[in-house]
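Notes for the one structure printed next.
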Amino acid sequence: MSTGNMNLTLKVWRQKNNNTKGALVDYKLAGISPDMSFLEMFDVLNEDLITKGEEPVVFDHDCREGICGMCSMFINGRPHGPKDLVTTCQLHMRSFKDGDTIVVEPWRAAAFPVVKDLTVDRSAFDRVIAAGGFISVNTGNAQDANSLPIPKMQADAAFEAAACIGCGACVATCKNASAMLFVSAKISQLALLPQGQPERYRRVQSMVAQMDAEGFGNCTNTGACEAECPKGISLENIARMNRDFASAKFVSEETI
Amino acid sequence: MSGFGNALSSSIGRKYVMGVTGIFLILFLIVHAGINSLIFLDDNGLTFNVGAHFMATNWIIRAGEYVLFLGLLVHIYQAINLTIQNKKARPQTYAVYNGSANSKWYSRSMGLLGTLLLIFLVIHLKDFWVVSRFTGIPTVDANGHEDLYAVMREKFHDPVRVAAYVLLMISLCYHLLHGFASAFQTMGWNHSKYNGIIKGASVWYSIIISILFALMPIAVYTGLIN
Amino acid sequence: MSDINSNIPEGELTNKWTKFKSSVPLVNPSNKRTIEVIIVGSGLAGASAAATLAEMGYKVKCFCFQDSPRRAHSIAAQGGINAAKNYQNDGDSVYRLFYDTIKGGDYRSREANVHRLAEVSTNIIDQCVAQGVPLAREYGGLLDNRSFGGTQVQRTFYAAGQTGQQLLLGAYSALERQIGMGKVEMYTRHEMLEVVKIDGKARGIIARNLITGEIERHFGHAVVLGTGGYGNVFYLSTNAMGSNVTAAWKAHKQGAYFANPCYTQIHPTCIPVSGDHQSKLTLMSESLRNDGRIWVPKKKDDNRKASEIPEDERDYYLERRYPAFGNLVPRDVASRAAKERCDAGYGVGASKLAVYLDFKANTERYGKIEASKSGIHNPDKETCMRLGTEVIKAKYGNLFDMYAQITGENPYETPMRIYPAVHYTMGGLWVDYNLMTSVPGLYCTGEANFSDHGANRLGASALMQGLADGYFVLPYTIGAYLSKEISVKAIPTDHPAFVEAEERAKGILNTLINIKGTKSVDHFHKRLGHIMWEKCGMSRSETGLKQAIEDIRALRAEFWSNVKVPGIAEELNPELEKAGRVADFIELGELMCIDALNRNESCGGHFREEYQTEEGEALRDDEDFAYVAAWEFKEGVNFELHKEELKFENIKVAQRSYK
Ligand SMILES: Cc1cc2nc3c(=O)[nH]c(=O)nc-3n(C[C@H](O)[C@H](O)[C@H](O)COP(=O)(O)OP(=O)(O)OC[C@H]3O[C@@H](n4cnc5c(N)ncnc54)[C@H](O)[C@@H]3O)c2cc1C
Ligand code: HEM
Ligand code: SF4
Ligand code: FES
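Chains as they are written, first to last, in UniProt numbering: chain C, 1 to 256; chain E, 1 to 226; chain V, 1 to 659.
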């Protein structure tokens with residue numbers, strides 16, 4: 001059915017559910033086109049498996065345009081594969097060669113338990129946001145949007161931090177499974193904006209506490225997260241969070 | 001710890017502890033390397049022994065020494081703690097993990113490098129510190145100061161020890177190459193206008209300090225200084 | 001001629017909403033605590049409603065099928081959101097936004113709804129900025145705007161090419177705040193499979209826990225569907241892989257009318273299909289038309305590279321045909337014009353199904369401005385291009401990267417190749433002024449309803465509508481209904497209606513699993529998509545539609561006898577999820593064709609070949625078709641038409657002209 005000429009060997013993590021052990025399983029694929037996306041290559045594999053009466057590989061994906069943050073494959077030792085600044089769904093087969101062997105594993109972290117095959121549970125991220133990743137403003141409370149000028153540089157920096165898609169690649173690649181890049185991106189976005197100031201020191205304390213409670217590891221500043229983040233979220237955010245955390249704990253009078 | 005809550009036991013708090021103690025050790029190394037460099041004056045260790053004498057007797061330095069040990073212990077304790085926690089954060093490891101694609105090997109090997117440093121410290125303290133503080137230095141120099149320099153010359157006569165020192169200074173270099181800048185990041189001292197300077201200082205500091213320390217046994221062994 | 005009541009308040013158009021708000025019955029705080037509202041969907045429409053209702057004090061349950069509410073497909077909206085702020089001092093006003101939207105929709109939407117939308121548009125921007133949504137700003141620190149198609153003012157607010165993401169993350173954070181406070185119970189990885197009706201009123205839903213496969217019953221005093229659009233009926237679209245019609249369709253089968261299903265928006269600027277492996281299409285935001293000029297070669301079957309075709313051999317056909325709006329004509333117009341050129345043999349690229357979107361002229365123009373800003377006078381072309389590229393990068397960098405990633409070509413150097421693709425569905429569940437469907441207590445918001453965009457949606461107005469519905473409209477209008485429900489105690493879910501609805505849902509799942517046919521779900525989905533695109537896509541004809549209806553019926557029969565769904569229902573089983581969705585798409589596809597066949601006119605996104613002007617523009621028939629076609633589901637798969645007449649009292653109905 002496919003139009004290309006690449007032959008590949010896939011080694012894919014198969015695991016029935018969280019209570020069973022998984023293993024890498026080998027699959028051979030032929031006729032893959034370099035114009036396919038990595039997930040379309042998986043569609044071909046699944047179509048094959050279904051035809052053969054086997055169970056297709058379960059993996060998370062939705063938008064397939066690099067923005068929802070749902071896709072999450074650890075490909076040949078790197079989250080979202082070999083190309084920088086792209087998500088799995090935006091990775092194309094032209095980044096591989098005919099005859100390649102590709103190992104595909106799920107994100108691995110205690111805080112991201114495997115649900116099935118390549119699908120993991122990232123709800124820990126939502127709980128971190130629920131702990132403080134917001135500005136407490138009820139609908140209808142807002143003043144005119146232009147009554148609060150924000151320097152462009154600051155607004156742009158906040159936007160860059162806000163570009164995080166919550167994919168979890170940072171956690172997946174970090175040797176410590178630390179979530180500092182994700183958490184700091186949200187904290188930074190709000191800390192950079194005047195609207196975020198009233199809750200600034202509360203927020204950093206409660207979000208860090210929740211992050212710790214979820215069982216993520218501790219940052220050792222290896223920088224792997226920044227290098228692998230598909231949205232180029234900067235390590236500066238972590239520094240900013242660290243700074244704010246110190247201010248919150250040792251300077252501000254707010255305790256949580 | 002009412003108001004401070006989990007200030008130091010949280011993930012970031014632990015990092016502060018690592019960072020503060022690390023910076024403290026970095027500062028100590030400057031003093032240490034400075035005084036030890038006096039051997040390069042090649043005056044048969046006379047000036048060096050003055051320095052060593054000062055270090056051994058000045059009460060501020062002596063007090064600082066306790067703090068230093070405490071700092072080192074805390075650094076080590078926290079390092080072990082962090083390493084264990086971090087292992088737990090990923091109970092199942094990857095079949096294929098391509099760390100070199102996104103980070104420096106030494107940044108991923110701080111525990112290992114640190115452990116090497118710890119081994120070194122044990123040898124090193126036994127070689128010099130225990131001798132100078134407890135068992136006593138057998139000889140005095142021309143000025144009548146205890147001749148620590150002589151101890152050094154004797155120890156660095158052993159090629160195995162010299163090789164070990166040099167190797168371990170390489171691990172110190174790498175530990176610092178990551179650690180120096182990392183400590184700044186941990187403390188949140190990050191500023192687009194100064195980051196370049198920090199990076200530069202990190203590299204220069206690590207290389208100069210390690211080379212200085214490594215040169216000492218080499219110089220003594222090869223007779224470059226007498 | 002109307003046989004359904006849209007409950008539009010009496011009075012002056014401009015006062016209707018104000019009057020409604022001040023006279024709508026309220027629910028007192030202690031009663032709110034005992035009233036439960038189910039919200040299906042966590043996109044802009046769902047998340048904003050869930051957060052707001054919880055803030056007001058209601059007990060809210062919110063559902064989405066993704067693993068996090070933040071991943072609803074609103075996240076993918078790129079270009080921007082409209083609001084009548086008039087910050088640019090270019091003559092914008094609530095009336096003008098109202099007018100543009102009605103005209104853009106080709107006079108097929110309800111005046112009262114659209115006016116309300118224009119009124120609350122300004123509050124949306126205020127609310128989002130207060131939440132910390134980092135919208136683009138100018139150096140003075142104030143908000144920036146850009147233009148979108150179908151308007152002559154700059155009223156579009158944006159955050160680079162990620163406006164939907166930023167707005168959704170704002171709504172998501174408001175929602176997470178309520179979740180953290182325990183006021184919203186969030187059910188992720190849950191798919192709604194049935195509406196539960198008791199005594200004619202919507203009282204809950206049946207949902208499948210997608211991880212365990214467990215079927216769950218949930219009670220609510222009212223149910224809100226904010227489940228997004230159904231563009232995936234075409235298989236290939238710019239929607240997410242999971243976007244579906246299932247929730248709306250199940251509601252439809254329980255009595256909610258489905259309105260204007262045939263109104264589909266085909267977006268002019270998408271990355272063309274590259275092969276039969278393709279699983280989805282990617283949009284290149286309409287905002288690109290601010291700076292990109294669309295052209296094809298003047299010569300048929302011209303195989304030269306774009307760069308080798310000299311200026312005077314290029315046909316900037318939009319600028320030629322529509323001098324007043326040029327490249328910024330509305331989407332339906334731009335799409336049809338592209339199809340017309342390609343069908344006539346002027347298409348470019350290997351497939352010949354593409355036109356160029358070229359940034360060169362404007363890159364150079366920006367370069368000149370930048371050069372003079374930095375004191376370079378008479379800059380050479382190279383300097384201009386270099387400086388201009390920086391400007392373009394800052395404006396559209398992420399879109400250009402995405403293009404390069406997908407096509408393997410560098411759009412900074414060669415023009416983009418683009419082609420229309422299915423993007424948005426104006427049709428949806430019929431709702432009255434209160435956003436209530438024809439089932440009492442069942443509401444529908446966002447893209448899932450039909451309400452505000454008529455036959456064609458203008459760019460940057462879906463985000464506006466979703467947030468208007470969720471933040472500012474539904475929270476008021478639902479009060480009118482709930483104020484009468486305060487004495488209703490939570491109904492236990494062992495009520496026979498729940499049992500029966502659960503049986504229905506389970507029955508379908510088991511049937512699907514047990515067919516054990518030979519063809520995968522995708523196989524059927526692709527075939528359905530093919531029929532829809534060919535016969536009910538950018539242009540439609542009576543014969544084509546009749547054929548399509550037959551083909552779809554045959555496909556439905558084949559699907560139910562030969563689909564192959566591996567695995568079991570009691571586990572995470574994406575193939576089973578897809579099968580359920582495709583089953584509903586097949587039925588919907590038939591209704592879309594029936595609706596298109598019924599509408600003997602061309603309007604907006606609905607273009608019937610039989611009804612066009614001599615110049616090939618859409619030819620409306622206001623005499624006979626100025627109505628909303630609201631279809632009622634009947635036993636078997638049959639549909640009965642109800643009409644809601646559209647009255648234009650404040651706008652003069654005219655032929656749309658963008659010339
Ligand atoms: C690529 C792209 C770009 C766009 N750009 C723009 C733009 O620039 N400006 C603009 O105004 N508009 C734009 N639009 C349109 C706009 O984004 C959408 O119309 C709008 O975001 C829809 O929001 P929604 O909340 O109605 O639905 P969605 O955001 O699609 O949310 C649907 C929700 O319903 C849930 N759901 C669906 N079915 C079920 C079920 N059966 N059970 C449980 N949960 C279910 C989903 O999980 C999800 O949470 C764009 C659309 C696309 C596709
Ligand atoms: C002279 C000796 C030492 C110096 C100057 C030193 C310095 C540093 C510095 C500056 C850091 C970075 C802290 C941060 O990122 O915030 C660091 C980290 C670390 N050190 Fe040391 N250290 C020394 C000895 C040791 C020893 C003996 C051990 C081990 C037992 C050790 C283990 C670690 C570990 C594991 C880290 C990584 C933790 C992290 O980066 O967060 N160090 N060290
Ligand atoms: S910081 Fe980057 S890698 Fe981490 S979740 Fe956000 S987008 Fe993904
Ligand atoms: S599927 Fe949405 S980011 Fe990849």
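Built from N, CA and C at the ideal position, the CB exists for glycine as well.
- The nearest non-hydrogen atom of ligand 2 is less than 6 Å from the C-beta of L118/E.
- Counting only runs of at least 4 residues, the segment 65-141 of chain V fully encloses the following alpha helix (DSSP H) elements, listed from N- to C-terminal order: 94-104 and 111-130.
- Contact between A222/V and I552/V does not hold, since the beta-carbon distance rounds to 34 Å and is not under 8 Å.
- Chain C has a Cβ within less than 7 Å of the Cβ of D126/V.
- Taking the beta carbon of S33/C as reference, the chain V residues within 8 Å of it are G275 and H277, listed in sequence order.
- Within the DSSP bridge table, the entry for M6/C names I32/C as partners.
- Note on geometry: alpha-carbon atoms of D312/V and G517/V lie some 57 Å from one another.
- For V195/V, no chain C residue has a C-beta closer than 7 Å to its own C-beta; the minimum C-beta separation is roughly 24 Å.
- Within the segment 47-65 of chain C, those residues whose Cβ lies closer than 9 Å to any Cβ of chain V are, in chain order, E47, L49, I50, T51, G53, E54, E55, P56, V58, F59, D60, H61, D62, C63, R64 and E65.
- For C62/V, the three-state secondary structure derived from DSSP is strand.
- The straight-line gap separating the alpha-carbon atoms of R581/V and G46/V is approximately 20 Å.
- Under the Cβ criterion of 7 Å, S11/E is counted among the residues facing chain C.
- With the criterion set as a beta carbon lying under 8 Å from some beta carbon of chain E, the members of the UniProt domain "4Fe-4S ferredoxin-type" (155-185) of chain C are T173, K175, N176, A177, S178 and M180, in sequence order.
- Residue contact with chain V for K152/C: present (Cβ-Cβ distance below 7 Å to some residue of chain V).
- Taking the Cα of A455/V as reference, the smallest distance to any Cα among G220/V, G105/V and G349/V is reached at G105/V.
- For the segment 67-78 of chain C, the set of residues with a beta-carbon nearer than 8 Å to any beta-carbon of chain V comprises I67, C68, G69 and M70, in chain order.
- From the beta-carbon of V96/E, the residues of chain C found nearer than 7 Å are N76, G77 and V103.
- C-alpha of V208/C to C-alpha of I187/C: approximately 10 Å in a straight line.
- Between F216/C and chain E, the shortest Cβ-Cβ separation is below 7 Å.
- Taking 7 Å as the CB threshold, P149/C lines the interface with chain V.
- The three-state reading of DSSP puts T14/V in helix, counting H, G and I together.
- The Cβ of K249/C sits closer than 7 Å to at least one Cβ of chain E.
- Straight-line spacing of the CA atoms in A30/C and D98/C works out to 9 Å.
- Taking 7 Å as the cut-off between beta carbons, the residues of the segment 66-93 of chain V near chain C are Q66, D67, S68, R70, R71, H73, I75, A76 and Y87, in sequence order.
- The beta-carbon separation of C444/V and L467/V, rounded to 15 Å, does not stay under the 8 Å limit for a contact.
- The beta carbon of Q254/V does not come within 7 Å of any beta carbon belonging to chain C, so the residue lies off that interface.
- Cβ neighbours of Y471/V within its own chain (closer than 7 Å, five residues either side excluded): S48, T52, I124 and Q127.
- T47/E sits in a helix when the DSSP states are folded into three classes.
- Counting only residues of its own chain and dropping the five nearest sequence neighbours on each side, E575/V has a CB closer than 7 Å to the CB of V521, V565, P566 and G567.
- Take A338/V, set aside five residues on each side of it, and the residues of its chain with a beta-carbon closer than 7 Å to its own are P268, V355, Y419 and P420, in chain order.
- C219/C carries a coil assignment under DSSP once its states are collapsed to helix, strand and coil.
- Counted as a single uninterrupted DSSP element, the stretch harbouring C63/C is not any alpha helix (DSSP H), since DSSP gives it neither H nor E.
- For G19/E, the shortest separation between its Cβ and any heavy atom of ligand 2 lies below 6 Å.
- Contacts with chain V at 7 Å (Cβ-Cβ) do not include M211/C.
- Residues of the segment 80-91 of chain E with a C-beta less than 7 Å from any C-beta of chain C: L82, Q85, N86, K88, A89, R90 and P91, listed in chain order.
- Three or more beta-carbon pairs separated by less than 8 Å are not found between the segment 159-172 of chain C and the segment 140-154 of chain V, which leaves the two stretches without contact.
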